[in-house]
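Sequential numbering from 1 applies to the sequence shown in full-length UniProt numbering.
Positions of the beta carbon are idealized from the N, C-alpha and C atoms, including for glycine.
Have a look at the structure below before the remarks.
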Amino acid sequence: MTDQTEELDISGVKVAIVDDAKTIRMMMSHTLRNMGCEVECAEDGYKALGMLRRFKPDIIFLDITMPELDGYQTCTLIRNAEDTRNTPVIMLSSSDGIFDIAKGQARGATAHVTKIPPDSVLRQLIADHTGARRAA
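Structure follows, in structure tokens:
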């Protein structure tokens with residue numbers, strides 16, 4: 001991690017993680033909590049929609065490949081809901097294929113990242129898309 005990235009203060013940012021893999025949810029939430037973020041998780045798109053309404057996150061990390069309601073469908077529903085319409089959605093994928101990126105953008109995704117992103121990438125994404133400032 002670079003000194004510049006470490007200086008980004010993301011403490012207090014509310015982050016939602018939606019992924020059907022418990023390990024991914026646990027690892028990302030542990031990392032983000034250690035950075036000072038408030039974190040809520042959901043294991044599928046249906047549970048995510050209720051959680052997002054209640055938690056009102058500043059940013060959402062959304063897995064693409066989930067059973068029943070996949071990340072693309074969930075992203076579309078997030079964009080169509082009044083209370084989450086403008087919330088940044090970062091698509092999580094096991095690949096960084098152009099097709100995944102393009103399809104995510106077409107559904108309203110803000111960005112795409114290969115999971116599990118390094119700490120510095122997580123911090124930078126959150127700072128870039130939530131307006132977090134450099135630490136004093």
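key: Distance, residue 99 Cα to residue 14 Cα   = Position 14 of the sequence shown, counted from the start, is the residue given in the question as residue 14. Position 99 of the sequence shown, counted from the start, is the residue given in the question as residue 99. Going from the Cα of residue 14 to the Cα of residue 99 covers about 29 Å.
task = Identify the continuous beta strand (DSSP E) that holds residue 91 and give its terminal residues.
result = Counting from one through the sequence shown, the residue named residue 91 turns up at place 91. Residue 91 -> beta strand (DSSP E) spans 89–93.
request  = Answer with buried or exposed for residue 106, where buried requires no fewer than 16 other C-beta atoms within 10 angstroms of its C-beta.
outcome  = Counting from one through the sequence shown, the residue named residue 106 turns up at place 106. Per the 10 Å Cβ criterion, exposed.
message = In the DSSP output, what is residue 114 paired with across the bridge?
response = Start at 1 with the first residue of the sequence shown, and residue 114 comes out as number 114. Its beta-bridge partners are 93.
message = Using only CA atoms, which one of 55, 75, 65 and 87 lies nearest to residue 128?
response = Locating residue 128 in the sequence shown gives position 128, counting from the first residue. Comparing Cα positions, the closest option is 87.
key: Reference residue 38, options 44, 22, 49 and 55, closest by Cα   = As a working mapping, residue 38 is identified with position 38 in the sequence shown. Here the closest residue by C-alpha is 55.
request  = Indicate the three-state DSSP secondary structure (helix, strand or coil) for residue 140 in the structure shown.
outcome  = In the structure displayed, the chain extends from 1 to 136; residue 140 sits before or after that span and is not available.
ask   = Should the segment 113–121 be regarded as contacting the segment 75–84, the criterion being three or more beta carbon pairs within less than 8 Å?
value = no
Residue 21 versus residue 112 - alpha carbon distance = Counting from one through the sequence shown, the residue named residue 21 turns up at place 21. Counting from one through the sequence shown, the residue named residue 112 turns up at place 112. Distance between the alpha carbons of residue 21 and residue 112: 18 Å.
query = Measuring CA to CA, which of 85, 53 and 70 is closest to residue 92?
reply = Numbered from 1 along the sequence shown, position 92 holds the residue referred to as residue 92. Comparing Cα positions, the closest option is 70.
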